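Protein chains in written order, with this note's numbering: chain H, 33 to 291; chain R, 33 to 291.
Each remark here refers to the structure printed beneath this line.
Right under this line is the structure:
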C-alpha cells in the first residue's frame, strides 16, 4: 500500500496529469474512474497497465470483479494518496496509467474528422466521443490542438480515445491522407453551402475549427469547399462540438439506406 | 465608485450568483462579460438594468460605446470589487443585474424543446444556445431541472436566455401546451425508431432527459413515442446536448424546402 503522497509513483502520476511534455516523453497517460477502468477491462490489450485503487473502492463487489478481470499491475493506495494522484476534486478511488496506444488509420478511410486548432479540452473530448458514436474511421488533429491525453480530454472522451485512430499530423501529412476524399470545412458564413446540400456518400472528411478562430488558412487550402449549418437569424453560432455532431450524423443519415 | 467588497450591492450580487432561492425571490439574475453586455445593448427593452464595470474595462473605446448605447444605471467598481461580484476566476470587468424576463410562448408553437431533469448547468446552457440557433418556439423545463438563471447556465447559453421563451412547467401544464403536437422522447434504445424516420413537419416537440437517468416516467407518459439516434456498436451514448443538436437540426432539415 502506498501511504505517502511523497512517494515517487505519486509524483510520476502528478506530472503525467499536468505536463503535456512529460506525457509525450513517457508515452503514457492517466485515466480515472470506474467507468474508464471497466472500459479497459473489456478491451483485449497486451499493453502494460498500472492501476491504483483505494480499499474503499475495491470493497464494492463489481469493482473487485473489474480488478480480477483486468490484466494489470495493481496497487492499493490511501485516500490521501489517491487525492494527490487525481486530477478531479472528488476522486472515485481508481486510476490507471496507460501507454499511448495509437491505432492505425485504415488504408482507405471513408469518413474522417479533422480538427483544426481545438483548444478547449472538454470540447475536444466531446468531439471524440461523438465521432466514435458516428463511426468515423479516424480523427486527424492539426497543429495547435490541445493534447488528446490531457486529463480533461480523456474524461470527456468517455473511452473514445481507446477505440478511435487519433493522429496528430502536419498539413502535408493531412493532404496525403485525404488525397482521395472530399474535405468539407465547416464555417460560420451564411453564403456557404448548407451541410445537407453536399453528398457525404463518397469518402469524405469533415473539418472543424476552434471556437475562437475557426478554420486556419492551411485548413482552408486543404478543403474541397466550405459548408455551414444554417441557423436562425440573430442567434449565436453553434458550439463547435454541437456542430460536429450535427454534420457527422447528417453524413451517417445519408449513408444509411434504411433511413 | 464602489471600493469595498463589503458594500451591500456586492453582497446582493454574490447572493444572486450563488442562491437559486434568492434569484427566485428577487426575480433577478446576473450576466457577465462584454459579449453578454453587448447583446443587451442590441435589445429593445424597458427592463431596469444595473451595470457594474471596472475603469480598465471602460477605457476600451468599444466598451465605452456599449455603455453609452445601453439604457442602464451604471456604476464603476474597483478590480477587487469586481472579483468579489464575479462568478468566474478571471472576470472580464463588466456585469449586469437583470430582472427575469420570461417571454411568452406563441399561441400555436410549431417546434418545442422539452427538457426533463437536466442537472448539468453547462449542458443546459449549451442546449438553450442550440435551441435558439435551431429556431425553436420555446423551451419547456420539467420538474427537477437546474435553474436557468444559474450563472453557469447563463454563461453557456450565450444570450439565448434573452431570446427564447423558457418556461418551467409541471407535467399537467406541459400536457396542455403540447396537446396538438407530437412529442418525441429521445432514448438510448436501439429498438426505438430512428429520429430520422419520424416526420418533424407537423407541430412537434423533442423531449430530452438528463444524462444520468434519461426520461422520467411522467415524461414517457406525455410522449407520443420514443426515438433514438442510432450509433456505432460498442460506443458510449451521445452527450445530451449533442443529441439535442442532432435531432433539432434534423427537424430543421425536414422543414426547410430548399435542403
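Cβ coordinates follow ideal geometry from the N, Cα and C atoms, glycine included.
Remember, it's a predicted structure, so these values are computed and weren't measured experimentally.
What does residue i touch in chain H if you count any residue whose Cβ is under 8 Å from its own?
| i | result |
| --- | --- |
| residue 264 of chain R | 164, 165, 166, 167 |
| residue 270 of chain R | 161, 162, 165, 277 |
| residue 191 of chain R | 267, 268 |
Taking only three categories from DSSP, how would you classify residue i?
| i | result |
| --- | --- |
| residue 243 of chain R | coil |
| residue 274 of chain R | helix |
| residue 291 of chain H | Reliability fails at residue 291 of chain H, whose pLDDT of 49 lies under 50, so the model's placement of it is uncertain and the value that follows must be treated cautiously. Residue 291 of chain H falls in the coil class under three-state DSSP. |
| residue 230 of chain H | coil |
| residue 215 of chain R | strand |
| residue 44 of chain R | helix |
| residue 208 of chain H | helix |
| residue 225 of chain H | strand |
| residue 264 of chain R | coil |
| residue 35 of chain R | coil |
| residue 153 of chain H | helix |
| residue 286 of chain H | helix |
Within the 8 Å Cβ cut-off, does residue i reach chain H?
| i | result |
| --- | --- |
| residue 277 of chain R | yes |
| residue 259 of chain R | no |
| residue 64 of chain R | no |
| residue 158 of chain R | yes |
| residue 287 of chain R | no |
| residue 228 of chain R | yes |
| residue 291 of chain R | For residue 291 of chain R, the pLDDT reaches just 49, beneath the cut-off of 50, and the residue's location in the model is therefore unreliable, although a value from the coordinates is still provided. Cβ-Cβ to chain H under 8 Å: yes for residue 291 of chain R. |
Beta-carbon of residue i versus every beta-carbon of chain R: anything under 8 Å?
| i | result |
| --- | --- |
| residue 274 of chain H | yes |
| residue 195 of chain H | yes |
Just to check, is the beta-carbon of residue i closer than 7 Å to a non-hydrogen atom of the ligand FAD?
| i | result |
| --- | --- |
| residue 131 of chain R | With respect to small molecules bound, the structure shown includes none, and the ligand FAD cannot be examined in it. |
Apply the 10 Å Cβ neighbour rule to residue i and answer buried if 16 or more other Cβ atoms are within range, or exposed otherwise.
| i | result |
| --- | --- |
| residue 291 of chain R | Model confidence at residue 291 of chain R stands at a pLDDT of 49, short of 50, so the residue's coordinates are unreliable and nothing is read from them. |
| residue 51 of chain R | exposed |
| residue 249 of chain H | exposed |
| residue 133 of chain H | exposed |
| residue 57 of chain H | exposed |
| residue 100 of chain H | exposed |
| residue 241 of chain R | buried |
| residue 251 of chain R | buried |
| residue 180 of chain H | buried |
Since residue i and residue j are thought to touch, with beta carbons under 8 Å apart, how far apart are those beta carbons, to the nearest angstrom?
| i | j | result |
| --- | --- | --- |
| residue 171 of chain R | residue 196 of chain R | 6 Å |
| residue 35 of chain R | residue 110 of chain R | 5 Å |
| residue 81 of chain R | residue 130 of chain R | 6 Å |
| residue 279 of chain R | residue 227 of chain R | 5 Å |
| residue 189 of chain H | residue 213 of chain H | Incorrect: roughly 24 Å between the Cβ atoms, too far for contact. |
| residue 146 of chain H | residue 191 of chain H | 21 Å between Cβ atoms; not a contact. |
For a contact defined as C-beta to C-beta under 7 Å, what are the partners of residue i on chain R?
| i | result |
| --- | --- |
| residue 281 of chain H | 261, 278 |
Whose Cβ in chain H lies nearer than 9 Å to the Cβ of residue i?
| i | result |
| --- | --- |
| residue 122 of chain R | The contacting residues do not exist; residue 122 of chain R stays about 15 Å from chain H at best. |
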